[in-house]
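**Student:** In our numbering, the protein residues as written are 1 to 87. Backbone N, C-alpha and C fix where the C-beta goes; we use that ideal spot for every residue, glycine too. First the structure, which I've put down as structure tokens, then a few questions once you've had a look.
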């Protein structure tokens, strides 16, 4: 009987370790609001979130430049038109 005691305790310990692992990432939050990433799945999600946020930022800048260009063209401001076309 005492021979099986170490094996049983190791199995119980491994089950307890698995039960206390945190979630890989905060699924209930948007990519910009997530702050905690755990494990391999969490790191993969962090990379996805960073790519999404960078893409969103570039898209927002592009849209702002298009709006500024349209305003500059309607006003006939040549220097702003050249600057916004570069963006």
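If you follow the alpha helix (DSSP H) that residue 49 is part of, which residue opens it and which one closes it?
**Tutor:** Translated into positions along the chain shown, residue 49 becomes position 49. From DSSP, the alpha helix (DSSP H) with residue 49 extends over 39-75.
**Student:** Determine the burial state of residue 4: buried for a count of at least 16 other Cβ atoms within 10 Å of its Cβ, exposed for fewer.
**Tutor:** Your numbering for residue 4 matches position 4 in the chain shown. Under this definition residue 4 is an exposed residue.
**Student:** Looking only at its own chain, which residues have a Cβ that is under 7 Å from the Cβ of residue 34, when we skip the five neighbours before and after it?
**Tutor:** The residue given as residue 34 occupies position 34 in the chain shown. If we look at residue 34 and ignore the five residues flanking it on each side, its Cβ neighbours are 25, 26 and 49.
**Student:** Counting only the same chain and skipping the five closest in sequence on each side, list residues whose C-beta sits under 7 Å from that of residue 81.
**Tutor:** Residue numbering aside, residue 81 sits at position 81 when the chain shown is read from its first letter. Correct list, in chain order: 69, 72 and 73.
**Student:** Cα separation between residue 77 and residue 83?
**Tutor:** Start at 1 with the first residue of the chain shown, and residue 77 comes out as number 77. Start at 1 with the first residue of the chain shown, and residue 83 comes out as number 83. The straight-line gap from Cα to Cα measures roughly 10 Å.
**Student:** Does the Cβ of residue 47 have 16 or more other Cβ atoms within 10 Å, making it buried, or fewer, making it exposed?
**Tutor:** The residue you call residue 47 lines up with position 47 of the chain shown. Its Cβ having fewer than 16 others within 10 Å, residue 47 is exposed.
**Student:** Tell me which residue opens and which closes the alpha helix (DSSP H) that residue 78 is part of.
**Tutor:** Here residue 78 refers to the residue found at position 78 when the chain shown is read from its first residue. That run of the alpha helix (DSSP H) goes 78-86.
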